[in-house]
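Novice: Here it is: the structure, laid out below.
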Amino acid sequence: MSIMTLQPPSLAGCILRVARPTDRLEEVVAFYRDGLGFPELTRFADHDGFDGVILGFPGAPYHLEFTTACGHVAGRAPTQDNLLAIYVPDARTWSRMIGVMGRRGHQPVASFNPYWDREGVTFEDPDGYRVVLHQGIWPV
Numbered sequence: 001m002s003i004m005t006l007q008p009p010s011l012a013g014c015i016l017r018v019a020r021p022t023d024r025l026e027e028v029v030a031f032y033r034d035g036l037g038f039p040e041l042t043r044f045a046d047h048d049g050f051d052g053v054i055l056g057f058p059g060a061p062y063h064l065e066f067t068t069a070c071g072h073v074a075g076r077a078p079t080q081d082n083l084l085a086i087y088v089p090d091a092r093t094w095s096r097m098i099g100v101m102g103r104r105g106h107q108p109v110a111s112f113n114p115y116w117d118r119e120g121v122t123f124e125d126p127d128g129y130r131v132v133l134h135q136g137i138w139p140v
């Protein structure tokens, strides 16, 4: 009997959208748009009962989508380790991002995983989800 190696399908050309609900749509959008600098690509209202905003950079292979549904409670992040890690290669850009977050009233929080405190700065969004700004490149 031979062992067949399965090859994963190519994801080249695909776009990753991270989507999650929120009870505080405008506050969450302001955190990611105005604080972290993700441009607003589009927004929608009453799309099958959902309102939402999609953030990202035009042409980038990733988006963040935040939605709210009438009559549905999304709640807060389930743990302090629910996070997005953003690798920022340029030290000046990284410092500027941290400064913008501070000027917008977002203070760093201690990470649940101490690795992130050594490698970056963590902020918590209005729903309790966390974002790590890591100064450096992803080592691929």
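Under my numbering, think of the first position of the sequence shown as 1, with each following residue one higher.
C-beta atoms are modelled at their ideal positions from N, C-alpha and C, and glycine is treated no differently.
(1) Any idea if Trp94 is buried or exposed, counting beta-carbon neighbours within 10 angstroms, 16 or more meaning buried?
(2) Given a threshold of 16 other Cβ atoms within 10 Å of its Cβ, counted over all protein chains shown, does Ile54 qualify as buried or as exposed?
(3) Using the beta-carbon count (16 or more within 10 Å), is Trp138 buried or exposed?
(4) If distances are taken between C-alpha atoms only, which option among Ser111, Asp46, Arg104, Tyr62 comes closest to Gly71?
(5) Using alpha carbons as the reference points, say which of Glu124, Leu11, Phe57 lies closest to Arg76.
(6) Could you say which of Glu65, Leu16, Val109, Arg20 lies nearest to Glu40 if we only look at CA atoms?
(7) Please determine, among Ile98, Leu84, Ala60, Pro114, the residue with the shortest C-alpha to C-alpha distance to Val131.
Specialist: In short, the structure shows the following:
(1) Here residue 94 corresponds to residue number 94 of the sequence shown, with the count starting at 1. Looking at its Cβ environment, which holds 16 or more other Cβ atoms inside 10 Å, Trp94 is buried.
(2) Your numbering for residue 54 matches position 54 in the sequence shown. With 16 or more neighbouring CB atoms inside 10 Å of its own CB, Ile54 falls in the buried class.
(3) Taking the first residue of the sequence shown as 1, we reach residue 138 at position 138. Trp138 comes out exposed.
(4) Along the sequence shown, read from residue 1 onward, the residue named residue 71 stands at position 71. It is Asp46.
(5) Within the sequence shown, numbered from 1, the residue matching residue 76 stands at position 76. Checking every option, the nearest Cα to that of Arg76 belongs to Glu124.
(6) Indexing the sequence shown from 1 puts residue 40 at position 40. Nearest of Glu65, Leu16, Val109, Arg20 to Glu40, Cα basis: Glu65.
(7) Walking along the sequence shown from the start, residue 131 turns up at place 131. Ranking the options by Cα distance to Val131, first place goes to Leu84.
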